[in-house]
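Per UniProt numbering, the sequence shown starts with residue 1, numbered consecutively. Positions of the beta carbon are idealized from the N, C-alpha and C atoms, including for glycine. Working notes, structure below.
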Amino acid sequence: MPINRVETIALIVGIRLSFGMVLGIFIWPCAHCQSLSITIPIGTPLPIKAVSPSAMRIGEQVRAELMYPVYVNDELVLPENTPLNGTITALDADRSRRIHARLRGDSTPFHTPVVRFDQLVAVDGSIIAVTTYAATNGAKIYRVVPTPPRTGSFLSRQLSDPKQVSKSFIATFTEPDKEDRFKQFIYSQIPWHPERIERETAWTVETSAPLIIPTQPQTQSSDEAGIVTGRPPIPTEITAGKHEPTWLIRAYLSDDISSLTSKSGQAISARVAEPILDSEGSVVVPQGSVILGAVTQAKPARSWGRAGVLRFRFHQLEIHGQTPLNVDAVVNGIDSSQSSAMIMNSEGEVKPKPQNKVVIPIILAALASRPFDGDGGALVKNGAASGGLGLIGFIVGTAAGQRNIAAGIGYYSAAVSIYERIIRRGKEVTFPHNTRLEFQTTVRLSSPMIHDRLP
Numbered sequence: 001m002p003i004n005r006v007e008t009i010a011l012i013v014g015i016r017l018s019f020g021m022v023l024g025i026f027i028w029p030c031a032h033c034q035s036l037s038i039t040i041p042i043g044t045p046l047p048i049k050a051v052s053p054s055a056m057r058i059g060e061q062v063r064a065e066l067m068y069p070v071y072v073n074d075e076l077v078l079p080e081n082t083p084l085n086g087t088i089t090a091l092d093a094d095r096s097r098r099i100h101a102r103l104r105g106d107s108t109p110f111h112t113p114v115v116r117f118d119q120l121v122a123v124d125g126s127i128i129a130v131t132t133y134a135a136t137n138g139a140k141i142y143r144v145v146p147t148p149p150r151t152g153s154f155l156s157r158q159l160s161d162p163k164q165v166s167k168s169f170i171a172t173f174t175e176p177d178k179e180d181r182f183k184q185f186i187y188s189q190i191p192w193h194p195e196r197i198e199r200e201t202a203w204t205v206e207t208s209a210p211l212i213i214p215t216q217p218q219t220q221s222s223d224e225a226g227i228v229t230g231r232p233p234i235p236t237e238i239t240a241g242k243h244e245p246t247w248l249i250r251a252y253l254s255d256d257i258s259s260l261t262s263k264s265g266q267a268i269s270a271r272v273a274e275p276i277l278d279s280e281g282s283v284v285v286p287q288g289s290v291i292l293g294a295v296t297q298a299k300p301a302r303s304w305g306r307a308g309v310l311r312f313r314f315h316q317l318e319i320h321g322q323t324p325l326n327v328d329a330v331v332n333g334i335d336s337s338q339s340s341a342m343i344m345n346s347e348g349e350v351k352p353k354p355q356n357k358v359v360i361p362i363i364l365a366a367l368a369s370r371p372f373d374g375d376g377g378a379l380v381k382n383g384a385a386s387g388g389l390g391l392i393g394f395i396v397g398t399a400a401g402q403r404n405i406a407a408g409i410g411y412y413s414a415a416v417s418i419y420e421r422i423i424r425r426g427k428e429v430t431f432p433h434n435t436r437l438e439f440q441t442t443v444r445l446s447s448p449m450i451h452d453r454l455p
């Protein structure tokens, strides 16, 4: 009887152990699978640019890709050029552009597209659902960098702008994709033309819900992996002197700043977008750290073409769990829309690029007077005078056969140019929330040094 009791107890223990082992076999892979994912939090900026033109109509698909990598907790989650898909959900009237176009004889009802990106394409081609806020006010992006002061006389500076315009016009017919650019140039000359979202139009949208990204170890081949994550393959540029470490910090502006609405002394901040690593691969400035600064000068635009001026500087770096560092931050570059081309000096002052105010109106006025010359060739002279109003002006000016009509169209074009370049209010300097900035940041000698490296 005791033997049977022992055997019974042993049998029960064995069954329990076997059940536990079997349960562990099924549970372990699930736990392992859960560990191979990462969550991008709400409000994470996604810098996106279109990779191909899209017709501007509701329901049209927009193909795009990430302009910059996305990090979460110092880990690379979405690499640069990750594909995304979106859809045009609405077309808002662009009233300012419509008014400007009417003055030029263009009756196109211009719109601002509202795009919502809802799909992210993994390396293996699988689709990951994304929830973002709507993207509006897209524009081509170029990098504003400090430039040397302009030299030469006033006249030489004015003459340099028509030369640049001529080079850009020639590039329309010589650089790659010239067929498409030529077609768009012809469209721009007619009084009504189709709209589209141009290639490289850019937006910065924020995630409106947590985004769960399935990940795979970096050792796995790209044919099998979803989104490959991990530390950056190459440490971010860093020159660490013994006393004054210097870092190249990339960050997103946390505030809207503008020459129209900002005030001198207004506090501003930016959030670090990419972790800074030392030569050993240790994180010294985590992603998500905050760099603080202030607006030092803000002057609104005024009439007679006087542009707004905005100057700001950053002076302190806040790293979670550490004493704030006093820094000298020199802005190396700012992403800005090409439609409002900016220039920046070495002191961080930003203002719109000076526009030619003299030469082009003089040229248009001279062409407008050509029909009154008595040396023959009326058709050519009428066409030259009326061509300033685009194709519709050229057709009316030449078909009418009346020099007064052709000259009137020409003088009207010159008057519009004078108003836009000399009389009307200048352009404001505006950098919206999530504008991408790049700093060369040097820790001051008075700041405490970083001794405790982050894991």
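- Exposed is the label assigned to P210, since fewer than 16 other Cβ atoms lie within 10 Å of its Cβ.
- When secondary structure is reduced to three states using DSSP, P361 falls in the helix class.
- Around the Cβ of E280, a 10 Å sphere holds fewer than 16 other Cβ atoms; the residue is exposed.
- In this structure, the straight-line span from the alpha carbon of Q266 to that of S254 is close to 13 angstroms.
- Taking a C-beta distance under 9 angstroms as the contact criterion, L36 and V70 do not qualify as a contact pair.
- In this structure, H433 sits near D256, with a CB-CB distance shorter than 9 angstroms.
- CA-to-CA, the gap between G43 and A134 works out to about 13 angstroms.
- For A101, the secondary structure class from DSSP, reduced to helix, strand or coil, is helix.
- The shortest C-alpha to C-alpha distance from A298 to any of S258, F439, P371, T442 is the one to S258.
- Considering only D92, A50, E80, the residue with the shortest C-alpha distance to R57 is D92.
- Here S188 carries a helix assignment [DSSP, helix/strand/coil].
- In this structure T246 touches Q440 by the C-beta definition: roughly 7 angstroms separates them, less than 8 angstroms.
- In the three-state reduction of the DSSP assignment, T398 falls in the helix class, which pools H, G and I.
- In this structure, DSSP gives E420 a helical state, which the three-state scheme calls helix.
- When secondary structure is reduced to three states using DSSP, R57 falls in the coil class, being assigned neither helix nor strand.
- Under DSSP, the beta-bridge partners assigned to T201 are K140.
- Boundaries of the beta strand (DSSP E) around N332: 325-337.
- Of the residues V429, D375, K357, G408, the one whose Cα lies closest to the Cα of I422 is K357.
- When rounded, the separation of the alpha-carbon atoms in E274 and G333 is 15 angstroms.
- Here the alpha carbon of Y411 sits roughly 15 angstroms from the alpha carbon of I392.
- Partner residues in the beta bridge of L46, as assigned by DSSP, are V205.
- For V380, the enclosing alpha helix (DSSP H) has its first and last residue at 378-386.
- Ranked by Cα distance from S188, the options Q119, T108, E428, I343 are led by T108.
- In the structure shown, the three-state DSSP call for R425 is coil.
- Counting every other CB atom within 10 Å of its CB across the protein chains shown gives P194 a total below 16, marking it as exposed.
- A407 carries a helical assignment under DSSP once its states are collapsed to helix, strand and coil.
- Taking the Cβ atoms as the reference, R63 lies roughly 21 angstroms from V77, outside the contact range of under 8 angstroms.
- At least 9 angstroms separates the beta-carbon of V144 from that of G308.
- Between the alpha carbons of S336 and D375 lies a distance of about 49 angstroms.
- As DSSP reads the structure, D92 sits in a beta bridge with T112.
- The continuous beta strand (DSSP E) containing I249 extends over residues 245-253.
- The beta strand (DSSP E) runs lying completely inside the region 245-325 and spanning 3 residues or more are 245-253, 267-272, 283-285, 290-299, 309-318, given in chain order.
- For P371, the three-state secondary structure derived from DSSP is helix.
- Out of I405, E65, G388, the CA that lies nearest to the CA of V205 is found in E65.
- In this structure, T136 is the residue among T136, Y252, A251, Q322 with its C-alpha nearest to the C-alpha of A202.
- Around the beta carbon of S413, 16 or more other beta carbons lie within 10 angstroms, which makes this residue buried.
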